[in-house]
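For the sequence shown, position 553 matches number 553 in full-length UniProt numbering, and the numbering has no gaps at all. Beta carbons: idealized from backbone N, C-alpha and C, even for Gly. Notes follow the structure.
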Amino acid sequence: MMDNLRAASNHVVLKIILGLIILSFVLTGVGNYLIGGSGDYAAKVNGQEISRAQLDRAFNNERSRQQQMLGEQFSQLAGNEGYMQQMRQQALSQLVDEMLLDQYAKDLKLAISDEQIKQAIFSQPAFQTDGKFDNAKYLGIINSMGFSADQYAEALRKQLTTQQLISAIAGTDFTLSGETDALAALVSQQRVVRQATLSVDALAAKQQVSDDEIKNYYAQHKNSFLTPEQFRVSYLKLDAASMQQSASEADIQSWYDQHKADYVQPQRNRYSVIQLKSEADAQAVLDQLKQGGDFAALAKAKSIDPISARKGGDMGWLEPATTPDELKEANLTSKGQLSGVVKSSVGFLIVRLDDIQPEQVKPLAEVHDTIADKVKQEKALDAYYKLQQKVSDAASNDNASLASAEQAAGVKAVETDWFSRDSVPEALNFKPVEEAIFNGSLLGANGTPGSNSDMITVDGDRAFILRINEHKPETVKTLDEVKTQIADTLKHNKALQEAKAQAEKILAELKAGKQDALTAAGLKFGEAKTLTRNDQDASVQAVFALPQPQAGKPVYGTSEDMQGNVVLLALDEVKAGNLPDAQKKAMAQGIAQNNAQIAFDALLSNLRKEAKIKYGAAVQLQ
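Pasting the structure below:
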């Protein structure tokens, strides 16, 4: 059952359904869901209560979710009482649907066992560390969501029960082979068409517009001619990368002395091994070695490890962190010492300690340049943070200009040209900087220059102090500024209407059998081309909406191209296409999933019709 549930939940459509009906399990918790309300209730569904607290929690969590998703835009929506009321009604409707499904699942005696709950929790990657269930991590996550272990288990039980219900509905839908073949033929169909284009731009060049037409258009579309809010700012930029510092030999020596532990080379041992299949084989080789046998020759002849055998058993230099446990457990301490037979996961080993390199500290000369870079970087950062504090204090103490901050920084502020949100100078193209400019906090009364900004830090050890020098609010452009633009728009609109009228006239004549109608209009159809439903041609939708032509008798229609020109169409032929089996199978699955969603919607609709739903007094008054 759990495998079926996991497979069902991987379908996109079913995920959408699940998202709609189980979101409140995660968002609202289950404490009050199980206990019920003590006073006023939000709704009663077949006698079972949805508490006011549940509704408030679901509404507040949905509000928080939208606020995180929409950002500043949400503050405008939150001020709309109708929008917030609609959000609350949707939260209540979701809770009602959830309860109806839960009741229906109980009527069908659908149930999820404790063992299934346990396995579902253990299999969640979010609750695992290195692929294994981590109880501390699990408790930390569910506690942060406001759940106890029992509450989370109960919520998960309801979720899996609902999944079981959805899976049952989805599993009942199928598509007949004949239906799939017919739809595949329709989807893969190809159409041969010729096109003739009526150029709107050419017609627009011949149009005339009056001053009155321009004035009327301007009066009706003023909000389309806005000049965006604009700013001119001055700013000081501090950049740690530009504060290069020198590193004296004394500085380098001091840093080295304080960080010697970072440059310790641990003891390294050099081993040779002979690997054999059985303990008896290993003992036989060990006996030969004790009688004076050559280790390298025996390794090449007897070892079953081809890599070390080629090197006479040599394993190279190994540090403690890279030494296999079997070699460590051999407890070899002196150069040339030979182990006994060592059992390992790959067979049986004979180990020899060939050499020992004692622990040593890398000399300063070997790491001198690396340390010099570190010292320079640290000194630059230290100077950067000190200057940042100095400039910040100066800008705060003299808030009427950047003069004191300039003096503290030792550089003049950079002054920008006018810019808007859509044309922020590249030097200021950082989100924290843009927010400080556009959020209004640096403006005085009536949009006048206000105060200096706080120190604004951005990625890469950089920081800004800025102030607004001038500000222009959003304004409507004057008629003179947009007169030419409006005239062009009106000419284009007139030209488009004329092109459509011409096309309709030509189309009527073609349908009446007057084949010279196109020539009389100075037009001609281009070369025939074959279109499929997936082509990017702007006329595809219009072409496939035309009826099928009879042999030798084209079907005519109109469309528009990507440039807005009017296009006359002549559909000459409809040809059968071919849909690969994989695509045909995917299409059948998509149809089944869509039908499953329709069935699920119908189920919810029927449950609502048959249910006794009573809303609380407080909800009705809202």
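Which residues DSSP lists as bridging residue i, in chain order
i, result
"Y41", "S51"
"S234", "E415, R467"
"T457", "A463"
"F348", "L276, K343"
"E560", "V566"
"T227", "T475"
"N269", "L318, I356"
"E610", "BP columns for E610 are empty, so no partner."
"P449", "L443"
"V574", "R191"
"L531", "R191"
"Q550", "K553"
Whether residue i touches residue j by CB criterion (9 Å)
i, j, result
"V226", "V476", "This sequence places Leu at residue 226; Val is not what is there. A contact, by the Cβ cut-off of 9 Å."
"A205", "L523", "no"
"I274", "G316", "no"
"L95", "I50", "yes"
"D355", "N269", "yes"
"T207", "E498", "In the sequence under discussion, the amino acid at residue 207 is Gln, which differs from the Thr named in the question. Cβ atoms of Q207 and E498: closer than 9 Å."
"V192", "T478", "no"
"N331", "S344", "no"
"V285", "G292", "no"
"A542", "S559", "yes"
"F74", "Q85", "no"
"Q283", "L298", "no"
"G557", "A538", "no"
"V411", "L139", "no"
"K302", "L276", "yes"
"V45", "Q103", "yes"
"A247", "S272", "no"
"V458", "V424", "no"
"K472", "Q220", "no"
"N452", "L402", "yes"
"L160", "A120", "yes"
Of the residues the options, the one placed nearest residue i, counting alpha carbons only
i, options, result
"A528", "L507, P554, K514", "P554"
"S188", "T478, D114, N534, Y152", "N534"
"E474", "R57, F438, S210, D516", "F438"
"R608", "L466, L338, E98, K237", "E98"
"E378", "Q220, M243, A538", "M243"
"L604", "Q67, T162, Q68", "T162"
"L495", "L110, E62, V200", "Rather than Leu, the amino acid found at residue 495 in this sequence is Ala. Minimum Cα distance to A495 is reached at V200."
"A153", "Q128, D114, Q190, G131", "D114"
"L203", "A512, H492, Q597, Q54", "H492"
"V567", "P449, V540, G552", "V540"
"Q245", "A602, A383, I142, N397", "A383"
"K109", "D150, K158, G79, F133", "K158"
"Q89", "L55, K612, A321, L70", "L55"
"S210", "Q407, G440, I486", "I486"
"Q258", "Q68, I371, E610", "I371"
"E481", "M587, S224, G71", "S224"
"V341", "K472, A599, A602, E279", "E279"
"A395", "G450, L364, T323", "G450"
Residue span of the beta strand (DSSP E) that contains residue i, given as start and end
i, result
"S344", "338-344"
"Q245", "Element bounds for Q245: n/a, residue is neither H nor E."
"A196", "190-198"
Terminal residues of the alpha helix (DSSP H) in which residue i lies
i, result
"H492", "479-511"
"Q89", "81-107"
"T370", "364-397"
"K300", "295-302"
"Y218", "211-220"
"I117", "114-122"
"K328", "325-329"
"L518", "517-520"
"K431", "431-438"
"R310", "306-310"
"T540", "Checking the displayed sequence, the identity of residue 540 turns out to be Val instead of Thr. V540 -> alpha helix (DSSP H) spans 540-545."
"A240", "Element bounds for A240: n/a, residue is neither H nor E."
"E406", "403-409"
Whole-number beta carbon distance between residue j and residue i, since they are thought to touch under 8 Å
i, j, result
"V391", "A405", "5 Å"
"A240", "A380", "5 Å"
"L101", "A42", "Not really, about 17 Å apart at Cβ, beyond 8 Å."
"R421", "S234", "R421 to S234, Cβ: 19 Å. No contact."
"residue 638", "E62", "The chain is shown only over 1 to 622; residue 638 falls outside these bounds and no answer can be derived."
"I252", "V375", "6 Å"
"L327", "V351", "6 Å"
"P549", "E573", "7 Å"
"P266", "P320", "6 Å"
Cβ of residue i within 9 Å of any chain B Cβ
i, result
"A487", "Here there is only one protein chain, and chain B is not present."
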